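Before any comments, here is the structure.
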Amino acid sequence: MMSAILKNVYSRTVIMTALIFVALNAFLPLNFSLQAEATKYPFKLVITLEKTVFKLGEPVYVTCILTNIGEENVTLYQTADRMFDFLIRDKNFIHVYRYAFDYGWIGLYFPFPPIEPGGNWTETRIWDQTYVPLGTYYVSGIFYSPTYGLTIETSAIRITILGG
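Here is the structure:
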C-alpha cells in the first residue's frame, strides 16, 4: 500500500515539475545556446560564444560572423560601417556595456576587401567583465551599415557570471 502511495506522489511530482518548467519557459524562455543570429538582406549576422557560464573577471569572447547572403559582392567601409559591435544587458534587459562605446572606430574612411556571395568576415571581440555584479546577462551582436541603410541586431544569448 505504501509503495503505491509513494509511486503516486512521485508521478504527481514529476508531472507538476514538468508543467511548471513548461509554464516558466513560455514566459521566460531559456536560451542556453552558444549562437544567435539575425538576417537582413544582403547580410546574415551570427555571434558565437565559447560557453555561457563565466567566473567574475574571466574574459567573454564574442565572435561575430557577417555573411554575404546576397548575389553580388558587398563592400563595407571603415568608420561608416560599424563592422562588429555587441551589447550586454543585465537580467532586467538594461544596457550594461557596449563594445563600441569603449573602443569606437578610427576616423579613417577606406573600403574593406569585398565580401563575395557566400563569403564572410569574422572577428572576435572581448568583454572584460571585471566590475559587474554576479548574475545573469544577455549578449547581442550588432552590425550597423549606412552604406546599405540597415542595422542588424541578433537575438540575445543568456550568460551567467559567477563568483571567482
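Per the working numbering, residue 438 is the first one in the sequence shown, and the count goes up by one each step. All C-beta atoms in this analysis are idealised placements derived from N, C-alpha and C, irrespective of residue type, glycine included. Since this is a predicted model, take the numbers as computed values, not measurements.
Straight-line gap, residue i to residue j (C-alpha atoms, nearest Å)
i	j	result
Arg449	Val490	32 Å
Pro550	Thr573	38 Å
Gln515	Pro583	11 Å
Gly494	Leu471	20 Å
Asn529	Thr597	13 Å
Tyr534	Tyr478	27 Å
Leu593	Tyr536	Position check: residue 593 holds Ala in this sequence, whereas Leu was assumed. Rounded to the nearest angstrom, the two C-alpha atoms are 15 Å apart.
Val608	Trp564	An answer regarding residue 608 cannot be provided, because it is not within the stretch 438 to 601 covered by the chain.
Glu590	Lys492	26 Å
Leu503	Tyr585	14 Å
Gly556	Phe480	10 Å
Val576	Ala473	9 Å
Outcome for residue i when other beta-carbon atoms lying within 10 angstroms are tallied against a minimum of 16
i	result
Asn510	exposed
Leu599	exposed
Asp522	buried
Gly578	buried
Ile531	exposed
Tyr568	exposed
Thr561	exposed
Leu571	exposed
Own chain residues within Cβ distance below 7 Å of residue i, not counting five before or after
i	result
Ile552	Asn505, Asn510, Val511, Trp558
Glu508	Pro554
Where residue i falls: helix, strand or coil (DSSP)
i	result
Tyr478	coil
Ala473	strand
Tyr536	helix
For residue i, the nearest candidate out of the options (CA to CA)
i	options	result
Thr485	Ile531, Ala475, Thr573, Gly494	Ala475
Gln566	Ile525, Val483, Ala593	Ile525
Lys488	Lys481, Pro496, Gly556	Pro496
Contact with chain D by residue i, beta-carbon distance below 9 Å
i	result
Asp527	Note that chain D does not occur in the displayed structure, where there is just one protein chain.
Own chain residues within Cβ distance below 6 Å of residue i, not counting five before or after
i	result
Leu513	Phe549
Leu587	Lys477
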